[in-house]
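Q: To start, I am sharing the structure in question, which I have written as C-alpha cells.
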C-alpha cells in the first residue's frame, strides 16, 4: 500500500497535509461507499462531507487525517476527521450559521452536520475531532456506539 493511506486493523487512515490530498480522500470515500453498496445521493452526501472536512484540515490546520470505518453490524459508515490545528474559537458561531470565512463560504462544518446522520465535534488548543456517521442498508434506528 502506498504512503497516501494506511490500513490499521478495522479502519483506513488517509493523511491530510495539503489540498492535493483531497482527491485521495474523496477516492477512498467513493471506494468505501461501493464496498457497502451505497450509491447515488447517499454516496454523494458522504463524499461531500469528507471533502469539506478534509479541506478544513488542509486549509486551517497544520495537518491531520481522515479515518474511515465500516460498522457492518450497525450498518454505519463512520468517518472521523482529526487535525493538529489550534482549535476552533468560534465554533458556536459557525454551527449557528452566523459565520462566513474570508477564504470560503464558512459552511464546511455546518454543511457536514446537515448531511450526516450523526455529527459530533470536539475542539481544543490541541486540535479538532469531527465524528460523522452515515446509515446504510435497511437500518432505521440510530445507535450511539460511534462516539
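In UniProt numbering, the protein residues as written are 1 to 147. Every residue, glycine too, gets a C-beta built ideally from N, C-alpha and C.
Quick test of the definition: if touching needs 3 or more C-beta pairs under 8 Å, does the segment 55-63 touch the segment 114-124?
A: Output reads no: the segment 114-124 does not touch the segment 55-63.
Q: Classify residue 75 as helix, strand or coil using the three-state DSSP reduction.
A: The count along the chain shown starts at 1 and reaches residue 75 at position 75. Residue state, collapsed to three classes: coil.
Q: What does the alpha-carbon distance come out to for the pair residue 68 and residue 94?
A: Residue mapping note: residue 68 aligns to position 68 of the chain shown, counting from 1. Residue mapping note: residue 94 aligns to position 94 of the chain shown, counting from 1. In a straight line, the C-alpha of residue 68 is about 25 Å away from that of residue 94.
Q: Go through its chain and collect everything with a Cβ distance to residue 11's Cβ below 7 Å, but skip five positions before and after it.
A: As a position in the chain shown, residue 11 is number 11, starting the count at 1. So the list reads 67, 68, 69, once near-sequence residues are dropped.
Q: Taking DSSP as the reference, what is the three-state secondary structure of residue 100?
A: Residue numbering aside, residue 100 sits at position 100 when the chain shown is read from its first letter. Three-state result, residue 100: coil.
Q: Output the distance between the C-alpha atoms of residue 147 and residue 120, rounded to the nearest integer angstrom.
A: Residue 147 sits at position 147 when you count from the first residue of the chain shown. Residue 120 sits at position 120 when you count from the first residue of the chain shown. At residue 147, the pLDDT of 45 sits below 50, so the modelled position is not reliable; the number obtained from the coordinates is stated separately. When rounded, the distance between both Cα atoms is 7 Å.
Q: Return the residue from the list 83, 111, 86 that minimises the CA-CA distance to residue 98.
A: Locating residue 98 in the chain shown gives position 98, where the first residue counts as 1. When only C-alpha atoms are compared, the closest one is 111.
Q: Could you compute how far the alpha carbon of residue 76 sits from the alpha carbon of residue 89?
A: Numbered from its first residue, the chain shown carries residue 76 at position 76. Numbered from its first residue, the chain shown carries residue 89 at position 89. Between residue 76 and residue 89, the C-alpha separation is close to 30 Å.
Q: Note down, in chain order, each residue of its chain lying with its Cβ closer than 6 Å to the Cβ of residue 109, except the 5 sequence neighbours on either side.
A: Sequence index remark: in the chain shown, residue 109 carries index 109 (1-based). Hits under 6 Å: 94.
Q: For a minimum of 3 consecutive residues, which ranges assigned as the beta strand (DSSP E) are wholly contained in the segment 105-138?
A: Listed in chain order, the complete beta strand (DSSP E) runs (minimum 3 residues) inside the segment 105-138 are 118-124, 127-135.
Q: How would you call residue 17, buried or exposed, if buried means at least 16 neighbouring beta carbons within 10 angstroms?
A: Within the chain shown, the letter at position 17 stands for residue 17. So residue 17 ends up on the exposed side.
Q: Based on Cα-Cα distance, which residue from 45, 125, 20 lies nearest to residue 29?
A: Here the question's residue 29 lines up with position 29 in the chain shown. Taking only the C-alpha atoms, the option nearest residue 29 is 45.
Q: May I have the straight-line CA-CA distance separating residue 123 from residue 65, to the nearest angstrom?
A: Against the chain shown, residue 123 aligns to sequence position 123. Against the chain shown, residue 65 aligns to sequence position 65. Whole-angstrom Cα-Cα distance: 15 Å.
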